[in-house]
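K.L.:
In the working numbering, the protein residues as written are 171 to 351. Ideal Cβ placement from N, Cα and C applies to all residues, glycine included. In this text, all values refer to a predicted model and were calculated from it rather than measured experimentally. There's a structure below that I have some questions on.
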């Protein structure tokens, strides 16, 4: 019987160095595998992030002309140039809403003539349709949500619908701020 047969279930003392070397090799291989996996994962995340940024950038650039039309209409309304503002609507909108009807609507929506700035936080362009949503602010600091739907008509963007938020800010200050005597 050899000496190695005596160690039932236990390791031969002469093989300990070999076992340590195998464990180190296995550990180093595992680390390489983890590093490789993490680098592939990081590359995939960077590729996905870059693709999303590219798509957002393209959408942003494609919507700039539509935003320009809305800004031109807001400026015309602020300056009292109702006919110019009305001319920026689509022919379908103009067929349903005449200029006198538009004037009456503007008298009810006084906040449109007081717009100081407009900003869009959402832009979407699909073919010949653009959807812009955001808010505009007046000289009193009130902010109103707004959504524009534009269509491409005869090579240029035209406003097909304009939706304003239903909430109108209080013009009077809150009662809690006043001191009643």
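Whose CA, out of 301, 313 and 311, lies closest to the CA of residue 322?
P.N.:
For the residues 301, 313 and 311, the minimum Cα distance to residue 322 belongs to 301.
K.L.:
In this structure, how does DSSP classify residue 262 when only helix, strand and coil are distinguished?
P.N.:
DSSP places residue 262 in helix when its eight states are reduced to three.
K.L.:
I'd like to know whether the C-beta atoms of residue 240 and residue 329 end up nearer to each other than 8 Å.
P.N.:
Their beta carbons are under 8 Å apart, which means residue 240 touches residue 329 by this criterion.
K.L.:
Which full runs of the alpha helix (DSSP H) of 4+ residues lie inside the stretch 240-284, going along the chain?
P.N.:
Complete alpha helix (DSSP H) runs here, min 4: 252-257, 261-266 and 269-278.
K.L.:
Contact between the stretch 281-291 and the stretch 300-315: three or more CB pairs below 8 Å?
P.N.:
Judged by Cβ distances under 8 Å, the stretch 281-291 makes contact with the stretch 300-315, as three or more pairs qualify.
K.L.:
Report the residue from 251, 264, 224 and 222 whose alpha carbon sits nearest the alpha carbon of residue 332.
P.N.:
For the residues 251, 264, 224 and 222, the minimum Cα distance to residue 332 belongs to 264.
K.L.:
Out of 334, 268 and 259, state which residue places its alpha-carbon closest to the alpha-carbon of residue 246.
P.N.:
Here the closest residue by C-alpha is 259.
K.L.:
If distances are taken between C-alpha atoms only, which option among 207, 316, 324 and 216 comes closest to residue 262?
P.N.:
Ranking 207, 316, 324 and 216 by Cα distance to residue 262 puts 324 first.
K.L.:
I'd like to know whether the C-beta atoms of residue 252 and residue 274 end up nearer to each other than 8 Å.
P.N.:
No.
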